[in-house]
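Q: Below are the structure tokens for one structure; questions will follow.
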Amino acid sequence: MTSNYRFIKAAQLISHADGLIIAAGAGMGVDSGLPDFRGNAGFWRHYPALKKTGIGFQDIASPEHFWDAPHLAWGFYGHRLNLYRQTPPHRGFQLLHEIAAKLPHNAFVYTSNVDGHFQRAGFDENQVHECHGSINHLQCIDACEQQIWSAQLFTPIVDEESCLLTNRPPACPVCGRVARPNVLMFNDVGWVSGRSDRQREQLDAWLQKVSRPVVIELGAGTAIPTVRIFAERQHRPLIRINTRDAHLTPSTHHVSLQMSAREALNAIHLALVEQDFF
Ligand SMILES: [Zn+2]
């Protein structure tokens, strides 16, 4: 199959669908310029201060340091929060939004990304399920009353040399303990999942309404395959876009595109324009 034919095929699957299931992993954000923390070498390139102390991604991305070294834990998460705030979502998000607007049931997003970029790109809060939570929301480290609140009022100031937060970490309004991002971390028993659970209920209700959805999977990794598994379990036509591993069981209902999300979405959008979809 030439790649041109694949774009035409992907566009046909979309134009015959009544709703778009968007399943997005870390690779979706890479085209905006966000790191995907693949392996410790890649991770340490972004956080050289943590390389000096030998702290790897799984270690810093765990709740433990919020208890024993909150300025270090917030050095990492505060830097990420600032980065996600400062980085605009790439054009592919906008193209997905435009495509979804043409379908009777629009779209629902299932993403492991915690950056909130789908909402930034115009997707409604009620059409996104953030399965690993959101860095734009906070919770108590002790989950004292299961509360979740917006991180909007908190502006982290991070010394990048040392990866340490230099201003005061946010606090739980109930008990006064340190607050942490409402993100599912490694070895995390204290994550408050209420917001994500409600989103999942909305997703399940939406899935009941659509009768012939198409799944478009973008940059979903194989190391933590949550998003890939979700996409495959829908048992619907699937467009898999991945720069590294776009493998799919051959089927006339599936399209595999081994390329970046933005590149693939641009090409699919063009094919849809040529098919008079818009
Ligand atoms: Zn508390």
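Residue numbers for the sequence shown follow the UniProt record's numbering, so the first one is 1 and each next one is one higher.
By construction, the Cβ of each residue, glycine as well, lies at the ideal position given by its N, Cα and C atoms.
#1: Would you report the Cα separation of tryptophan 191 and glutamate 130, rounded to the nearest angstrom?
#2: Please write down, chain order preserved, every residue whose beta carbon lies under 6 Å from a heavy atom of ligand 1.
#3: Go through its chain and collect everything with a Cβ distance to isoleucine 8's Cβ below 7 Å, but skip five positions before and after it.
#4: Measure the CB-CB distance between asparagine 78 and valine 158 and report whether it falls below 9 Å.
#5: Go to glycine 78, then tell me how far its alpha helix (DSSP H) extends in each direction, as first and last residue.
#6: Measuring straight from C-alpha to C-alpha, what distance separates glutamate 244 and methionine 259?
#7: Under the three-state reduction of DSSP, which class applies to tyrosine 110: helix, strand or coil?
#8: For alanine 171, list the residues DSSP reports as bridge partners.
#9: If distances are taken between C-alpha atoms only, which option among Asp18, Leu153, Gly92 and Thr87 comes closest to alanine 264?
#10: Quick check: the Cα distance between tryptophan 44 and isoleucine 60, rounded to an integer number of angstroms?
#11: With a 10 Å radius around its C-beta and 16 neighbouring C-beta atoms as the bar for buried, classify isoleucine 229 as buried or exposed.
#12: Closer than 8 Å to a non-hydrogen atom of ligand 2 - does that hold for the CB of serine 260?
#13: Would you call the segment 162-171 and the segment 205-216 in contact, with 3 or more CB pairs under 8 Å?
#14: Have a look at leucine 13 and arginine 177 and give me their C-alpha separation to the nearest angstrom.
#15: So, under 8 Å CB-CB, residue 291 and alanine 220 are touching, yes? Tell me the CB distance rounded to an integer number of Å.
#16: Use the C-beta contact count for tyrosine 5: other C-beta atoms within 10 angstroms, 16 or more gives buried, fewer gives exposed.
#17: Round the Cβ separation of valine 255 and alanine 231 to the nearest angstrom and send it over; I've been treating them as touching at under 8 Å.
#18: Between the segment 49-69 and the segment 102-115, do at least 3 Cβ pairs fall closer than 8 Å?
#19: What residues match up with serine 256 in a beta bridge as DSSP calls it?
#20: For phenylalanine 37, I'd like the list of residues in its chain whose CB is within less than 7 Å of its CB, leaving aside the five on either flank, ordered along the chain.
#21: Measure how close the beta-carbons of asparagine 182 and isoleucine 148 come, nearest whole angstrom, since I'm counting them as under 8 Å.
#22: If we call anything under 9 Å between Cβ atoms a contact, is histidine 97 one with alanine 121?
#23: From cysteine 140 to valine 189, what distance separates their C-alpha atoms?
#24: Got a sec? Which residues, its chain only, sit under 6 Å from histidine 253 by beta carbon, not counting five neighbours each side?
#25: Taking only the alpha-carbon atoms, compute the straight-line gap between leucine 218 and alanine 179 and give it to the nearest angstrom.
#26: Could you check what DSSP says for glutamate 145 in three-state terms: helix, strand or coil?
A: In short, the structure shows the following:
#1: Position 191 of the sequence shown, counted from the first residue, corresponds to residue 191. Position 130 of the sequence shown, counted from the first residue, corresponds to residue 130. Computed Cα separation, rounded: 13 Å.
#2: Cys140, Asp142, Cys144, Cys172, Val174, Cys175 and Arg177
#3: For the purposes of this step, residue 8 is taken as the residue at position 8 of the sequence shown. For isoleucine 8, where only same-chain residues beyond five positions count, the Cβ hits under 7 Å are Ala271.
#4: Your numbering for residue 78 matches position 78 in the sequence shown. Your numbering for residue 158 matches position 158 in the sequence shown. Contrary to the premise, residue 78 reads as glycine rather than asparagine in this sequence. Cβ distance < 9 Å, so glycine 78 and valine 158 count as in contact.
#5: For the purposes of this step, residue 78 is taken as the residue at position 78 of the sequence shown. Glycine 78 -> alpha helix (DSSP H) spans 70-86.
#6: Here residue 244 refers to the residue found at position 244 when the sequence shown is read from its first residue. Here residue 259 refers to the residue found at position 259 when the sequence shown is read from its first residue. Before going on, a small fix: residue 244 reads as arginine here, not glutamate. The straight-line gap from Cα to Cα measures roughly 8 Å.
#7: Residue numbering aside, residue 110 sits at position 110 when the sequence shown is read from its first letter. Of the three classes helix, strand and coil, the one that applies to tyrosine 110 here is strand, per DSSP.
#8: Residue mapping note: residue 171 aligns to position 171 of the sequence shown, counting from 1. Partner(s): Val178.
#9: Here residue 264 refers to the residue found at position 264 of the sequence shown. Residue Gly92 is the option with its Cα nearest to alanine 264.
#10: For the purposes of this step, residue 44 is identified with residue 44 of the sequence shown, where counting begins at 1. For the purposes of this step, residue 60 is identified with residue 60 of the sequence shown, where counting begins at 1. Near 11 Å, if we compare the C-alpha coordinates of isoleucine 60 and tryptophan 44.
#11: On the sequence shown, residue 229 is found 229 positions in, with the first residue counted as 1. The residue in question, isoleucine 229, is exposed, as its Cβ has fewer than 16 Cβ neighbours within 10 Å.
#12: Among the ligands modelled here, namely ligand 1, ligand 2 does not occur.
#13: The segment 162-171 is not in contact with the segment 205-216.
#14: Taking the sequence shown and counting its residues from 1, one reaches residue 13 at position 13. Taking the sequence shown and counting its residues from 1, one reaches residue 177 at position 177. So the alpha carbons of these two residues sit roughly 50 Å apart.
#15: Limits of the chain in this structure are 1 at one end and 278 at the other, which puts residue 291 out of reach.
#16: Within the sequence shown, numbered from 1, the residue matching residue 5 stands at position 5. Exposed, since its Cβ has fewer than 16 Cβ neighbours within 10 Å.
#17: The residue labelled residue 255 in the question sits at position 255 within the sequence shown. The residue labelled residue 231 in the question sits at position 231 within the sequence shown. Rounded, the Cβ-Cβ distance is 13 Å, inconsistent with contact.
#18: no
#19: Position 256 of the sequence shown, counted from the start, is the residue given in the question as residue 256. Beta-bridge pairing links serine 256 to Arg240.
#20: Counted from its first residue, the sequence shown places residue 37 at position 37. Here the set comprises Phe43 and Phe57.
#21: In the sequence shown, residue 182 corresponds to position 182, counting from 1. In the sequence shown, residue 148 corresponds to position 148, counting from 1. Going by Cβ atoms, the distance from asparagine 182 to isoleucine 148 rounds to 5 Å, so yes, they are a contact pair.
#22: The residue given as residue 97 occupies position 97 in the sequence shown. The residue given as residue 121 occupies position 121 in the sequence shown. Yes; because the gap between Cβ atoms is below 9 Å, this pair is in contact.
#23: In the sequence shown, the residue the question calls residue 140 occupies position 140. In the sequence shown, the residue the question calls residue 189 occupies position 189. Using only the alpha carbons, I get a separation of about 13 Å.
#24: For the purposes of this step, residue 253 is taken as residue 253 along the sequence shown, with counting starting at 1. Here the set comprises Pro237.
#25: Numbered from 1 along the sequence shown, position 218 holds the residue referred to as residue 218. Numbered from 1 along the sequence shown, position 179 holds the residue referred to as residue 179. So the two alpha carbons sit approximately 31 Å from each other.
#26: Position 145 of the sequence shown, counting from 1, holds the residue named residue 145. Of the three classes helix, strand and coil, the one that applies to glutamate 145 here is coil, per DSSP.
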